[in-house]
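Quick notes on the structure that follows.
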Amino acid sequence: MYFSSRVIASIIPTMNFSSFHLTGFSGLEQQYPWISIPFSAIYAMVLLGNCLVLHVIRTEPSLHQPMFYFLAMLALTDLCMGLSTVHTVLGILWGLSQEVSLDACIAQSYFIHGLSFMESSVLLAMAFDRYIAICHPLRYSSILTNDKIIKIGVAILCRSTLLIPPVIIRLKFLNYCHPHILSHSFCLHQDLLHLACSDIRFNSYYALMLVICTLLLDAVLILFSYVMILKSVLAIASQEERRKSFQTCISHICAVLVFYIPIIGLTMVHRFGKHLSPMVHVLMGNIYILFPPLMNPIIYSVKTQQIRSRMLRLFSLKIH
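Residue 121 in full-length UniProt numbering is what sits at position 121 of the sequence shown, and the numbering runs on without skipping anything.
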């Protein structure tokens, strides 16, 4: 009994330090060199597009306004999301490695979930900006001062980084006795929980509370802000003024849809799609990670006149 207990005690701790196998596109391993081409192009577009938006906002004095400060926060969040997953996704497709240590997996999980909460918070701040601009235009500059924007930015950062550690750190102390095969090309909190044979009730309840207090609450507040915006816009007599007011919101509405639809889709696949092919899980996971960072620079470059004209001017200078 003494010997067996010593053996078990020596094995269980080592489980926390073993590596995990990341899932690529199962059954398509021979096509990885070809699949890597569009994924490499997407990551390049994510990095280039968001860096370009940040550069335009930084170098154009006319864009130093609250709306574009929040857009810069969104672009920075999307840029970090791309950087947090590029090494594991392309590492699998390029045949470099499909293994990840527990510590690296926990760190990646922290950044992915933290950046998701941060993006949701930034989208809420942008909805608040549009609400003030349309419903209280005369008080816009007095409400959204530079000091207020800095405070909002700090609040977003604290909310996104300080609420997650309790649930992420505990992953380090769980015992993983199930096969160490993750269902995505990167590490997610819920994926690691499925492999654990410890008591995971704290992680499950705390994670649910986080989702309700961040993603769900933000979605409700964004919806409420647009109800108030719609009510204010419909009270405007001029058809042209109504159109202009709606036009200022189109980019943000598209960004909200681009963010929340993949999250809902991935949640539905995890909850109800256990019978689906692993390929569907991997594909939905990559859409969840890559679609918002890819689309947001495109949306704001096409739909926001100030960004579009500045980018056209920038490219015309480079051409000439």
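Backbone N, C-alpha and C fix where the C-beta goes; we use that ideal spot for every residue, glycine too.
Query: Alpha helix (DSSP H) segment containing SER232, residue limits; Result: 217-234
Query: Backbone secondary structure at SER19 - three-state DSSP; Result: strand
Query: Where THR23 falls, given that 16 or more other Cβ within 10 Å makes a residue buried; Result: buried
Query: Stretch-stretch touch, CB-based, cutoff 8 angstroms, three pairs: the region 125-142 with the region 222-231; Result: yes
Query: Residue environment, MET1, which counts as buried when at least 16 other CB atoms sit within 10 Å; Result: Annotation note: pLDDT 38 at MET1 (below 50); position unreliable, coordinate value reported separately. MET1 comes out exposed.
Query: Contacts around VAL86, its chain only, beta-carbon distance under 7 angstroms, and the 5 residues preceding and following it disregarded; Result: TYR43
Query: Span of the alpha helix (DSSP H), counted from its first residue to its last, around GLU241; Result: 239-272
Query: Chain B within 7 angstroms of PHE186, Cβ atoms only; Result: No chain B appears in this structure, which consists of one protein chain only.
Query: Cβ pair ILE143, ILE150 closer than 7 angstroms; Result: no
Query: Contact between the region 54-63 and the region 88-106 (3+ Cβ pairs under 8 angstroms); Result: no
Query: Alpha-carbon to alpha-carbon, MET67 and VAL220; Result: 21 angstroms
Query: ILE181 in three-state terms, based on DSSP; Result: strand
Query: Residues bridged to TYR206 [DSSP beta-bridge criterion]; Result: For TYR206, which the question treats as bridged, DSSP gives no partner whatsoever.
Query: Distance between ASN146 and ALA255 (C-alpha atoms, nearest Å); Result: 24 angstroms
Query: Helix, strand or coil at GLU29 according to DSSP, with G and I counted as helix; Result: helix
Query: Between the CA atoms of SER309 and SER316 - distance to the nearest angstrom; Result: 10 angstroms
Query: Three-state class that DSSP yields for GLU60 in the structure shown; Result: coil
Query: TYR69 classed as buried or exposed, judged by whether at least 16 other C-beta atoms fall within 10 angstroms; Result: buried
Query: Buried versus exposed, by CB contacts within 10 Å (16 or more), ALA75; Result: buried
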